[in-house]
Amino acid sequence: MSQGANAQEPTNLHIAEDRTNRQLTPREAWDRLRAGNARFVDDSAQHPNQNASRRESLTQSQHPFATIFGCSDSRLAAEIIFDLGLGDAFVVRTAGQVIADAVLGTLEYSVEVLKVPLIVVLGHDSCGAVTATKNAVEDGNLPGGFQRSLIERITPAVLDSQRSHKHSVNDMVVENVRLVAERILDQSRTIAAAVSRGDVALVGMFYHLSDGQAELVYGHGSWLELDQ
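Under UniProt numbering, think of the first position of the sequence shown as 1, with each following residue one higher.
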């Protein structure tokens, strides 16, 4: 069905915005993500790219500027806490942001095909998956079914934290974020090569449920410093 010129203009505008996403450097993507979180924290969210013309512009392609691999917790909706819209973020979620083959394949797809310049591993305080793992390590009672696999994959973070005399759940969440980020680099040649070339930055963030702030706790990129 043909459309008039007036109907095409908003679509073309939003396609141009999408191409801007695709051309962002890792640093520009990071700055954009951080600015969105600052707006969310300040209760000044703009809710960008959430209108009908944006939706229409994305029917044939997508060019997100960040991949966010986070916990499945219902309070950790990435598009909300970073004040993003349709087509801005490629989001992957599992309980405790646990790595599996399908997750790695999805992350590699975002790098190789979608050309995202930024990957974020996102944990949060009071994580139920990490709490369950801590309890299982301390009392020896493992859950059955596939939940057991989650506990086993998070256990190294709990043990590493305990060896460092860090016994709070939140310390263990930060350690889990770090270990997951390192596993991504260790297990995916595609992502490791992209990071090495400077095409992609890999960061780990810790989200505070009370104030909405997403804190940088891990960074792998030539321009990243943990005191930002």
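C-beta atoms are modelled at their ideal positions from N, C-alpha and C, and glycine is treated no differently. Everything numeric in this text was worked out from a predicted model, so none of it was measured.
Coil, strand or helix - residue i by DSSP
i, result
"Phe-40", "helix"
"Thr-25", "coil"
"Leu-185", "helix"
"Arg-75", "coil"
"Ala-89", "strand"
"Leu-216", "strand"
"Val-200", "coil"
"Gly-96", "helix"
"Ala-35", "helix"
"Thr-59", "coil"
"Ala-45", "coil"
Proximity winner among the options, relative to residue i (alpha-carbon distances)
i, options, result
"Ser-44", "Gly-70, Leu-84, Asn-51", "Leu-84"
"Leu-33", "Val-120, Arg-93, Ser-72, Ser-61", "Val-120"
"Thr-133", "Pro-156, Val-116, His-124, Lys-115", "Pro-156"
"Leu-104", "Phe-69, Arg-27, Val-173", "Phe-69"
"Ile-184", "Leu-24, Asp-101, Ser-61, Ala-38", "Asp-101"
"Val-137", "Arg-163, Arg-27, Cys-71", "Arg-163"
"Gln-97", "Met-172, Asp-139, Asn-37", "Met-172"
"Gly-212", "Ile-151, Ser-53, Ile-81, Asp-73", "Ile-81"
"Cys-71", "Gly-36, Ala-52, Val-92, Val-111", "Val-92"
"Val-174", "Leu-107, Thr-131, Arg-189", "Thr-131"
Span separating the alpha-carbon of residue i from that of residue j
i, j, result
"Ala-78", "Val-113", "21 angstroms"
"Glu-215", "Ala-29", "16 angstroms"
"Asp-88", "Val-177", "22 angstroms"
"Leu-118", "Asn-141", "38 angstroms"
"Leu-179", "Asp-160", "10 angstroms"
"Ala-201", "Leu-122", "14 angstroms"
"Asp-42", "Leu-209", "14 angstroms"
"Phe-206", "Cys-127", "11 angstroms"
"residue 235", "Arg-54", "Because the chain spans 1 through 228 in this model, residue 235 falls outside it and cannot be assessed."
"Ala-194", "Glu-56", "31 angstroms"
"Pro-64", "Gln-46", "18 angstroms"
"Pro-143", "Ile-151", "8 angstroms"
"Pro-26", "Asn-135", "38 angstroms"
Inter-residue CB distance, residue i and residue j (contact presumed, cutoff 8 angstroms)
i, j, result
"Ala-181", "Gly-204", "5 angstroms"
Report task. Identify every run of the alpha helix (DSSP H) within the region 98-185, keeping only runs that are complete inside it and at least 4 residues long; order them along the chain. Result -> Entirely contained in the region 98-185, the alpha helix (DSSP H) runs reaching 4 residues are, in chain order, 101-112, 128-139, 147-163.
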